[in-house]
Structures are given as C-alpha cells and as structure tokens.
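Take a look at the structure below.
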Amino acid sequence: MEKLAVVVRIAFRNLFASRLKTAIVGGIILVGALLIVVGTSFVGSIVGGMSRSIIGSAAGDVQVYSSKSKDELAIWGQMGSDPDLAALDDFSKVKAALEKVPNVKSVVPMGISGAQVTGGNTIDLALGDLRDAVRKLKAGDTSPKVTQAIAAEKAHVRHIVTVLQGDQKNRAEIVSDTRATNAEEDAVLAKASDPAFWQSFDADPYAHLEFLENKLAPLAADADLIYLRYIGTDLATFGKTFDRMEIVDGTTVPEGQRGFLFAKMFYEENVKLKSARRLDKIKEGIDLNHKTIATDLDLQRMVRENQSQTREIALQLDDVKAKEMVARLQALTGSKETNVEKLLAEFFKTDDANFHARYKAFYAQLAPLLDLYRIRIGDTLTIKSYTKSGFVKNVNLKVYGTFQFKGLEKSALSGSLSLMDLKSFRDLYGFLNPATEKEMQAIEKEAGVRHVDRKDAEAELFGADSEPAPPDTGRDIVANATPGLNAVDAQNAPAAAAIHDKTVASAAFSQSELEHGAVLSAAVFLKDPSKLRQTLPQIEKAGSDAGLSLKAVSWQQAAGFIGQMVLLFWAIFVTAAIVIFVVAVVIINNALVMATLERVREIGTLRAIGAQKPFILGMLVVEAVVMGVVFGTLGAAAGAAIVSAVHAHGIGATADIMYFLFSGPRFQPLLSVPSLFIAVGAMIVVSAFSSFYPAWLAMRISPVQAMQTED
Amino acid sequence: MAAIVSLRDVVKDYDLGKVQVHALRGITLDVPQGEFLSIAGPSGSGKTTLLNLIGCVDTPTSGSVEVAGHDTSKLSERQLTELRLHTLGFIFQSFNLVQVLSVFQNIEFPLLLQGGLTVGERTKRIEELLAQVGLSEHIHKRPNELSGGQRQRVAVARALVSRPKIVLADEPTANLDSVTGQNIIDLMKELNHKQGTTFIFSTHDPKVMAHASAVVKVADGKLAENGGNPSGVGGAAAGVEAH
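Protein chains in written order, with our numbering: chain A, 4 to 714; chain B, 12 to 254.
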C-alpha cells in the first residue's frame with residue numbers, strides 16, 4: 004500500500020517534472036476527453052431528438068406489421084415511394100394477441116401512406132367560386148348575395164388577367180427576342196381582357212367559364228404540388244397514446260367522423276402563403292439565431308425572394324381588395340406608387356432596422372386582405388388515390404385543424420406526418436373486407452363490365468357535361484396519389500364511381516368498425532422500453548400463437564432510412580473516436596518512450612537500490628494513469644463547460660439539413676452525464692495502454708545504468 | 012574477521028558485438044567486514060566493473076562473487092535485487108537522487124521498498140540520519156535546491172537508511188570540489204567507525220585514497236602487483252594496500 008502511495012506520489016511529482024511530456028501527453032488526453040464529452044453530448048442530443056421524434060410522433064416503441072409483406076415497413080417512405088405491405092385483416096385480433104405480452108402497454112392501429120395534393124391555384128379557386136355562384140343563379144337563386152358574388156369574382160378574375168398581362172409584358176421586355184414570347188398566350192390574355200368578352204359572359208356563362216378554365220387557368224400555374232404524408236389511425240386512441248399531441252388550430256376530429264388534421268409544421272411550411280412563411284423564417288433567424296439581414300446570406304435571399312415573388316399575393320386580390328391593399332401599402336411605405344406588385348416589392352425591402360415593424364404591419368394590416376393558407380381549416384380536401392386493386396378512389400375529408408407534439412414542435416420529422424381517420428385511410432388504400440367485396444361484385448354485375456375505347460373513356464368516366472357536386476361548402480382541393488396515371492382502368496369506372504359515392508355518403512362510422520377492420524401496422528408502446536429487444540420475439544410469438552403472422556420491429560427499423568441514419572451517426576462517431584484513440588495511443592506512446600529514455604539513470608538507480616522490475620512497470624503505468632485521470636478529468640470538465648455554453652447560447656440552424664438534425668431551428672445539446680465517466684475512463688485506458696511499451700522498456704533498464712555518468 | 016565480500020578468480024567479459032572486452036581478467040579478493048576499502052585505478056581499469064559485481068548489479072562471466080554469504084551467480088535477478096535492497100547501500104558519482112522527491116522522501120524510498128516499518132519508525136530513523144549528515148534543516152527541500160555536497164550527503168543517508176552491511180560508492184567525490192569531497196569522505200568514515208558498516212569505494216583521487224583502511228589497485232582488469240597488504244586485509248589476496 005505504501006509502495007503504491009509512493010508510486011502515486013512520484014507520478015504526481017513527475018507531472019510537473021517533465022513539462023514537455025506532460026504538455027504533449029496531457030494535451031492529447033485533455034482534448035480526447037473533451038471530444039468524447041462534446042461528441043457524445045452532441046451526437047446523443049441529435050440522436051435523442053430524432054428518436055423522440057420518431058417514437059413520440061409516429062412509431063411508438065415497436066411497430067408490428069404483417070410478415071407476409073413484400074417490403075419492410077418504412078414510416079417515412081423508402082426513397083419517395085411507399086413500401087408494399089400486406090394488410091393485417093382484423094386489427095382487433097392483433098390487439099388482443101399483443102395485449103397478452105406482459106411488456107405491452109398500448110396498441111394503436113395505423114396505416115401510413117402518401118398522396119400528392121395540388122394546393123389551391125388562386126385562379127382555379129376564383130373560377131370555382133364563380134362557377135358555384137353561376138350555378139346558383141341558374142338554379143333560380145337571384146338573391147343579391149349571389150349576384151354580388153358573381154360581380155366580385157368576375158372582377159377578381161379580370162384583375163388576375165391584368166396581373167398576368169403585366170407579367171407577359173415584363174417577360175417580353177427581358178427577352179427581346181420575339182420568338183420567346185408565346186403568341187397563343189398573348190391571344191388568350193387579349194381575349195380575357197377584352198371588355199366585350201365580359202359583356203357577353205352573362206349570356207353564356209358556362210362557355211365563358213370553360214374558356215377561362217381551360218385556356219387561362221394554365222397560364223397562372225402558381226400552384227405547387229404538395230406531397231402529403233399521412234397516418235390513418237383511430238384518432239381518439241392515437242391522441243390518448245401519443246399523449247404529447249396537441250391541437251394548435253381548429254379542433255380535433257369528432258369521434259366516429261371522417262376528417263383530416265394537418266401536422267402544424269407541414270401546414271406552415273407547405274400550405275402557408277410563401278411570402279408570409281419567409282417573413283416568419285426571417286424573424287426566427289433574427290430573434291432566435293441572432294442573425295442580421297446585413298450579414299446573413301440566407302436572410303438576404305429570403306428578403307430578395309419576397310421582393311421578387313409578389314405575384315402569389317397580387318393574384319389573390321380582387322379589385323376592391325387590391326385598392327385597399329394599395330392604400331395600405333402607400334401608407335406603410337410612404338410611396339406614391341400605384342402598382343400593387345411594385346408596392347409589395349417596396350414593402351418587402353426590409354433591413355435590420357425596419358424588419359420588425361414591417362413584420363407586424365404585414366400581419367396586422369395586409370394579412371386580413373389575404374388568405375394566409377392555401378388550404379384553410381374547415382376546407383374540404385379531396386384526396387384521390389389509386390387503390391391496390393386499381394380503382395380510383397376519392398375521399399373528401401374536412402380539414403379540422405392542425406396538431407403538433409409538445410417538445411417536438413420544431414422537429415421536421417414529427418411535423419411531416421399528418422393524420423386522418425382510419426376509415427378514410429382504408430378507403431383510399433383500397434382494403435376490401437368480405438362485406439365490401441360482396442357489395443363490389445354486386446355493383447359490378449349491375450353495372451356490367453363494358454369495353455370502352457380509349458377515345459371514349461373520358462365521356463364514359465365523367466359524362467358529357469356532368470358536374471360532380473362538391474360535398475361541402477368549403478373549397479375543394481384535389482389530391483392525386485399517383486400523378487401521371489390518369490387514364491387507368493376506365494373499365495372499372497362505373498363501379499368505382501358507385502363506391503366513391505357510397506364512401507362520401509357514409510361519413511360516420513362506429514368504433515367497432517374501426518377495431519375490426521384492416522390496418523397496415525400497429526404502433527406498440529412498451530411498459531419498459533429498455534427491454535425492447537427481448538419484447539420483439541415475444542410479440543411475434545404472441546402473434547403466431549393467435550394464428551397471425553406478425554413481424555415486430557423496433558422504432559429504429561420502422562423509421563427506415565431515418566432510423567438507419569441514427570445508427571449511422573453513432574457509427575461515424577464511434578469510428579472517429581476509435582481513430583482518435585489509435586492516434587492518441589501512438590503519440591502518447593512515443594512521448595512516453597522519449598520520457599523513459601530520459602529517465603534511464605533514475606530508473607537504473609531505483610533498480611540498483613532494490614526496486615524490483617514489476618515495481619518499475621507499475622510505476623510507469625501508474626504515472627500514465629495519473630495523467631489520464633488528471634487531464635481526462637480536466638478535459639471532461641472543459642467538455643462539460645463547452646456543452647453547457649452551447650446549451651445556453653444554442654447553435655442556430657443555417658441549412659435545412661441542420662433543421663432536420665437539430666429537430667428545430669436551434670441546437671441546444673444536453674450534457675450527457677455518463678459521457679463524463681466514459682471520457683475519463685477511456686482516457687485512463689488510453690494512457691495505460693500507451694504506457695505498456697515504455698514501461699516494458701523501463702523494466703529492462705539495468706541497474707548498471709545507474710553507475711553511468713551524467714553525460 | 013570474516014570476509015563479507017569474497018571474489019574468486021573473477022573474470023568479466025563484455026560482448027560488444029564483434030569485439031570482446033575483457034574487463035576483469037581473474038580477480039581474487041576478500042573484504043573483511045567493517046573495512047573502509049578504496050578501489051583505485053585509472054579509467055578503464057575495470058574498477059567500476061568490479062564495483063558492479065560486488066554491488067550485485069552484474070554477475071561474473073566466470074569465477075565466483077560471494078556477498079554476505081550469497082554466491083551471486085547462483086541467484087536469480089529477483090533475488091539479486093532483494094540482496095541489494097537489504098544488504099547493500101549505493102552512493103553514486105552523480106548522486107542519482109529522484110528529482111521529484113524531497114530529501115526526506117528520497118531517503119525514505121528504500122524503507123518503503125523494504126516495508127515493515129511504521130511511519131513513526133521511518134521518520135525517526137530518517138531524522139536521526141539527517142542529523143548525522145547535517146541536513147536536518149533541509150528535510151523538505153528538493154534535490155535541485157541543494158548544493159552538490161548536500162546532495163551527496165542525502166545520497167549517503169539514503170544508502171545507509173536501510174542499515175546495509177555494505178555500502179558501495181562509485182567515485183563519490185568526483186563531482187565535488189576537494190573540500191566538499193573531503194567532508195563526504197569524513198562523513199563516510201565516521202559512519203564506518205560508528206556503525207561498523209563496510210564501505211567499498213572507487214576513486215582515483217590519492218587524497219581520498221589516503222583515508223582508506225585498505226586500497227586495492229586495479230589495472231587492466233587485474234589487481235596491481237605492487238600493492239602490499241601489511242595489515243593482512245583480505246587475507247592472502249594480492250593488491251590490497253592498507254594504511
């Protein structure tokens with residue numbers, strides 16, 4: 004014991020005796036420990052954020068799906084397409100089987116899929132409203148409300164035409180080559196702006212509308228395709244089980260009703276007016292990440308885009324609103340300009356001094372004149388998909404509101420999945436239960452399967468001039484799950500149409516309908532998530548006991564490539580750490596060998612006066628370990644200080660990938676406490692390991708060396 | 012008196028690659044207990060090799076070296092180290108103190124290796140020794156705060172702290188000025204008288220040699236022919252010169 008004490012004492016004294024060695028070895032150990040603490044905390048926080056997002060917003064701890072599936076489950080898709088999963092026909096059986104597993108806490112039915120939605124094109128919406136009003140008029144409603152609506156919408160459309168003409172003129176100015184301008188487009192615009200066209204409108208409104216819809220509308224292609232990814236689920240159970248879920252705007256979908264809820268972040272990011280969204284982002288950059296417009300290129304880009312991309316706003320304005328907008332903009336900017344777009348460009352010319360005032364003014368004065376969201380709460384969203392059996396399915400869903408998850412508000416992962424009721428999901432996905440299958444066959448028989456020529460397909464499908472009636476008073480937005488495949492299965496059209504009508508009609512459903520129907524997967528929460536590995540086989544066993552072929556995967560696997568990414572981050576970090584270790588061992592080893600060679604006489608002396616070889620070996624290893632402890636602790640402390648400082652100040656995300664990794668706009672890593680011990684421990688191992696060779700060399704030093712003279 | 016060190020026909024060759032160096036070419040020597048023996052000779056004469064063999068840090072190529080009754084060529088490396096720890100004390104030409112330890116800790120070191128004493132016992136013994144070598148007020152200083160002479164006194168104390176039978180000193184005064192060197196020799200001699208510890212030291216300084224109770228002259232790996240042994244030290248061994 005006393006020998007160890009003296010060895011430790013010598014070791015501590017040696018820290019100060021050989022300053023160069025201490026500086027090199029200590030420096031490396033310090034940096035190593037620091038990197039471990041910082042790295043583990045950073046990677047841990049990123050991975051932790053992603054895991055929380057994955058588990059808390061979609062996957063649960065475990066996902067269960069049919070083992071007969073062709074592909075593996077991937078909640079966020081596989082490179083843009085959905086995995087081909089076999090359905091689990093009766094969820095209630097799955098639930099009953101899983102609930103027998105002791106570690107299972109709750110089971111939520113699910114289906115995850117996606118569809119492309121064309122988010123409202125302003126001119127389509129205006130023309131749609133115009134057509135609605137005209138139809139009411141034709142139906143005999145001559146109330147002032149209807150006639151006023153017709154007048155207002157006509158004015159709006161004419162305003163849009165003016166805007167488009169302006170665009171055309173600008174384009175012509177930029178591209179002096181006349182061949183670049185399109186004569187056909189000019190002709191359409193000329194006709195649409197001709198007062199004579201509008202005078203004749205009331206005489207034959209449908210023909211005029213058809214011209215406007217077919218010729219004019221395509222010119223104003225300001226609508227983006229929105230790719231919606233959604234979970235179809237038992238919304239009540241989902242809300243209870245994913246208990247951090249909260250409604251932000253609107254309400255939840257009433258029980259037993261069909262409905263759609265937008266993920267808040269998705270709604271903001273993809274449905275909101277782009278100018279407004281950019282203002283929000285600039286504000287976030289300034290307020291949260293302390294950037295300035297003067298210095299940050301990203302903010303500058305957004306300011307420029309807001310100045311140049313004013314058409315989305317201009318198109319929304321009818322005559323009345325346009326005038327009001329001009330007046331307000333003139334007051335706000337002090338400009339005498341009368342052109343809305345130029346005024347908007349002036350208004351959006353923001354810098355660090357006026358940004359916050361402009362931001363407030365935008366929401367207080369300009370936003371009331373605009374639709375901030377292309378799809379509003381209360382609108383009806385038509386999601387159109389091609390079912391697995393090849394039918395076209397339309398489901399009309401009311402958008403009830405938006406939701407987010409507490410603590411995951413900024414997570415791009417959690418914010419990307421919207422929700423719909425399970426019944427609608429089943430319709431869209433084309434599940435057939437025995438009852439609907441029978442019904443289908445009856446309908447097919449009744450309708451007769453006829454051969455229809457390709458050229459007649461359209462007429463067969465839609466009839467000559469039939470107008471599918473919108474099911475709700477809100478606007479219609481058409482989603483198309485497989486764009487580009489529009490001419491499919493004309494033969495089945497009548498049957499499909501029949502089913503379509505039926506699904507729209509039977510809007511409500513019972514809980515037992517939900518429970519007994521088909522699902523694609525089930526999210527399982529565990530009582531003890533740390534026993535996940537052991538629970539997976541138990542779940543599969545419970546499935547096979549109940550005659551179901553179930554496959555259970557961890558949330559990580561269920562997340563597909565995102566889950567792989569979580570693993571990849573750790574793998575990269577661990578690899579980097581190992582490389583650092585190896586380099587550290589080599590350098591420390593070298594430094595210690597040098598130091599040992601300088602101490603030959605001292606070690607020889609100790610041997611001469613009676614120290615055994617193991618004592619020398621132990622002495623050098625203890626010396627290295629002491630350095631590992633001292634500098635490892637210092638490094639870990641420094642690392643902890645850095646992590647705390649970063650946590651306090653935060654790192655602002657500057658690129659989309661960073662938003663994704665940070666699960667939000669700011670990265671505030673949490674100190675990983677175990678990493679402190681891991682860091683010190685690892686550094687002790689590294690230093691001990693590095694000291695073996697020099698210690699072995701030292702052990703071989705002969706006591707004769709002590710006798711040699713100083714030089 | 013019985014010989015505490017006894018060498019018989021000791022030959023030591025060093026194999027330096029292709030060249031063989033015959034450091035000792037057959038030495039027979041007996042050193043009685045309590046001797047204050049000086050080994051004299053020019054550089055390269057083999058006196059350091061001789062000291063190494065007596066000091067059990069090396070073993071002979073042939074012949075036998077007996078130290079305190081142990082034939083060193085029959086001992087393992089480990090046993091040799093034990094022998095050094097308990098039976099021998101060393102004083103080096105360049106003092107060889109552990110720079111990072113204090114005076115007290117340097118002297119304490121062999122006791123810690125030996126074990127068996129309590130803190131109090133150790134402290135008492137070290138303080139007594141320090142008083143004897145006249146360094147009581149420097150007990151907590153580091154070697155680099157001391158003069159050369161003081162350092163060598165610490166080394167002397169370290170060599171004696173484990174109460175060895177034999178103290179070996181390799182040119183103990185070579186790095187000291189003559190007055191300081193004289194003091195060290197006086198100190199060694201005093202300890203030799205008081206405690207009866209056998210001292211064997213090498214030197215080429217005639218003034219130092221003059222203090223020895225006997226002088227062994229080495230040249231070319233052999234004991235010099237001219238050395239007499241009037242006091243009968245070392246029995247029949249040649250080359251031992253007494254004063």
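Virtual Cβ for every residue (Gly too), placed ideally from N, Cα, C.
From the DSSP output, in three-state form, read off Ala14/B for me.
strand
Grouping DSSP H, G and I as helix and E and B as strand, with all else coil, what is Phe670/A?
strand
Nearest-angstrom Cα distance between Gly51/A and Glu93/B?
59 Å
Once DSSP output is grouped into helix, strand and coil, what is the label at Thr60/B?
helix
Proximal residues to Ala641/A (C-beta, below 6 Å), its chain only, five neighbours per side dropped:
Leu37
Between Arg16/A and Val689/A, what straight-line distance do the alpha-carbon atoms span, to the nearest angstrom?
21 Å
Taking beta-carbon pairs under 8 Å, can you tell me which members of the segment 695–708 of chain A lie near chain B?
Ser705, Pro706 and Val707
With DSSP run on the structure shown, which of helix, strand or coil describes Gly66/B?
coil
I need the DSSP call for Phe263/A, collapsed to helix, strand or coil.
strand
First and last residue of the alpha helix (DSSP H) that includes Ile704/A?
No alpha helix (DSSP H) holds Ile704/A; DSSP gives it neither H nor E.
Quick one: list the residues of chain B neighbouring Asn17/A, beta-carbon separation under 8 Å, in chain order.
Val111
Mind checking which residues open and close the alpha helix (DSSP H) that includes His359/A?
Phe358 to Ala364
Just the C-alpha distance for Val172/B and His97/B, rounded to the nearest angstrom, thanks.
10 Å
Anticipated Cβ contact below 8 Å, Leu133/A with Glu156/A, distance rounded:
4 Å
Around the C-beta of Leu571/A, are 16 or more other C-beta atoms found within 10 angstroms, so that it is buried, or is it exposed?
exposed
What does the Cβ neighbour count give for Tyr68/A, buried or exposed, with the cut at 16 atoms within 10 Å?
buried
Roughly how many whole angstroms lie between the Cα atoms of Glu516/A and Lys103/A?
22 Å
Per DSSP, Met113/A forms a beta bridge with which residues?
Thr236/A and Ser524/A
Can you check whether the C-beta of Glu713/A is within less than 8 Å of a C-beta belonging to chain B?
Caution is warranted here: a pLDDT of 48 is assigned to Glu713/A, below 50, making its placement in the model unreliable, and no coordinate value can be reported.
Roughly how many whole angstroms lie between the Cα atoms of Ser222/A and Leu167/A?
Checking the sequence, you will find Leu at residue 222/A rather than Ser. Their Cα atoms are separated by approximately 8 Å.
At least one CB of chain B closer than 8 Å to the CB of Val9/A: is that the case?
yes
How should Phe670/A be labelled, buried or exposed, when 16 other C-beta atoms within 10 angstroms of its C-beta is the threshold for buried?
buried
DSSP three-state call for Gln44/B: helix, strand or coil?
coil
Run down chain E in chain order and give the residues with a C-beta less than 7 Å from the C-beta of Gln615/A.
Checking the listed chains, one finds no chain E in this structure; the protein chains it contains are A and B.
Distance, Cα to Cα, Ala498/A vs Lys396/A?
The predicted model places Ala498/A with a pLDDT of 47, which falls under 50 and marks its position as unreliable, so this point remains unresolved.
Counting only C-beta atoms, is Pro121/B closer than 8 Å to chain A at any point?
yes
Consult DSSP for Arg4/B and reduce its assignment to one of helix, strand or coil.
Nothing about residue 4/B can be reported from this structure: the residues present for chain B run from 12 to 254 only.
Could you work out which residue in Met661/A, Ile31/A, Arg379/A and Ala193/A is closest to Val274/A when comparing CA atoms only?
Arg379/A
Residues of chain B with CB under 8 Å from Ile13/A, in chain order?
Val109, Val111 and Leu112
Measuring straight from C-alpha to C-alpha, what distance separates Lys96/A and Pro112/A?
11 Å
Which chain B residues are close to Arg2/A, counting only those with a beta carbon under 8 Å from its beta carbon?
Shown here, chain A extends from 4 to 714; a query on residue 2/A therefore has no answer.
Test: Arg95/B CB closer than 8 Å to a CB of chain A
yes
Taking contact to mean 3 or more Cβ pairs, one atom from each stretch, closer than 8 Å, check whether the segment 558–567 of chain A and the segment 53–69 of chain A are in contact.
yes
Chain A residues whose Cβ lies nearer than 8 Å to that of Thr59/B
Met710
Identify whether Val577/A lies in helix, strand or coil by the three-state DSSP scheme.
helix
Who are the Cβ neighbours of Ile619/A in its own chain at under 7 Å, not counting the five residues just before and after it?
Ile606, Leu609, Arg610, Ala701 and Met702
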